[in-house]
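What follows is a single structure, written as structure tokens, with notes after it.
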């Protein structure tokens with residue numbers, strides 16, 4: 002068993018429980034969303050259809066609706082509770098006139114959306130919950146229209162390194178898997194995307210006390226849901242030792258926690274057409290040994 006694999010049932014339960022507390026703690030996710038939005042200044046094409054995959058409580062979808070007022074938006078999340086919370090945030094008149102985004106409860110690795118529907122697929126801080134990135138990218142490519150834009154953010158391997166170090170040595174996993182930026186770029190190319198652009202930056206959040214770090218992770222549903230997590234409660238001695246290690250990292254009166262933020266975008270290639278306007282299908286002869 003892959004101990005770093007994400008237990009999807011636990012992911013769903015964690016985000017169901019966190020739906021009502023998410024907005025109060027998701028400061029970083031909103032900041033990343035705003036930085037992603039600023040990148041759209043360089044995209045001239047206005048998409049007619051957008052799928053927000055991993056939409057949470059709907060902050061990103063609301064910001065996209067402001068940017069593209071005539072665009073049809075659909076939101077997708079694994080946790081139904083998140084979608085309900087997003088609906089609660091929508092103005093009553095939008096709900097009454099059916100102007101709020103369409104909502105889909107589903108998994109990024111098996112998108113319940115028809116082929117070629119989306120002219121943009123937006124995914125903020127979601128890919129780290131995926132077990133098979135190649136499969137997820139294949140689904141994204143399937144759902145995108147030719148020439149469609151895939152815009153995403155996720156977290157890299159140095160994310161929560163202080164938390165991993167604090168709990169190291171007990172034989173269990175304490176954070177989920179984070180994929181290197183270069184590996185993500187390679188998978189996009191292998192998956193048939195064109196012109197991938199990747200960026201990485203470190204963002205450090207600071208806390209007054211060690212327990213506040215773990216409290217914030219729980220409030221946004223981002224606590225440990227890997228297959229290799231400890232199944233029982235952490236013992237008092239081990240818990241105290243972990244908090245002491247976090248405390249030892251205090252700098253200038255605050256405890257730092259690192260997030261390696263990866264942002265990127267790539268395009269689904271336009272269909273090739275011949276002089277007659279018909280699609281060109283490339284056929285490669287099979288090599289016999």
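Residue numbers (this note's numbering): 2 to 290.
By construction, the Cβ of each residue, glycine as well, lies at the ideal position given by its N, Cα and C atoms.
query	result
Pair within 8 Å by beta-carbon distance, residue 137 and residue 128	yes
Own chain residues within Cβ distance below 6 Å of residue 103, not counting five before or after	75
Span separating the alpha-carbon of residue 90 from that of residue 157	31 Å
Whole-Å CB distance - residue 29 paired with residue 52, under 8 Å assumed	That belief does not hold up - the Cβ atoms of residue 29 and residue 52 are roughly 23 Å apart, past 8 Å.
Three-state class that DSSP yields for residue 104 in the structure shown	strand
Residue 233 to residue 168 span [Cα, whole Å]	Confidence at residue 233 is low in this model, with a pLDDT of 48, below 50, so its placement is unreliable and no value can be given for it.
Beta-carbon gap between residue 154 and residue 263 smaller than 8 Å	yes
Under the three-state DSSP convention, the category residue 117 falls into	coil
Limits of the unbroken alpha helix (DSSP H) element including residue 25	23-26
Those residues which DSSP pairs with residue 187 across a bridge	Partner(s): none; residue 187 has no beta bridge.
Neighbourhood of residue 39 by C-beta, 6 Å cutoff - its chain only, sequence neighbours within 5 removed	none
Residues of its chain near residue 25, where Cβ-Cβ distance is below 8 Å and the 5 sequence neighbours each way are ignored	220
Exposure label - residue 241; buried when at least 16 CB within 10 Å	exposed
Neighbour-count burial assignment, residue 108, 16 or more Cβ in a 10 Å radius	buried
Contacts around residue 13, its chain only, beta-carbon distance under 7 Å, and the 5 residues preceding and following it disregarded	79 and 80
Simplified DSSP state of residue 56, which is helix, strand or coil	coil
Coil, strand or helix - residue 42 by DSSP	helix
Sub-8 Å separation of residue 269 and residue 148 beta-carbons	yes
Pairwise C-alpha distance: residue 260 and residue 203	6 Å
Residue 61 beta carbon less than 8 Å from that of residue 16	no
Sequence-distant residues of its chain with Cβ nearer than 6 Å to residue 194 (five each side left out)	267
Where residue 146 falls: helix, strand or coil (DSSP)	strand
Contacting residues, own chain, Cβ-Cβ under 7 Å from residue 119 (five flanking each side not counted)	50, 51, 52, 144, 145, 146 and 149
Per-residue DSSP class, three states only, for residue 86	helix
Given residue 20 as reference, the closest of 255, 163 and 218 once Cα atoms are compared	218
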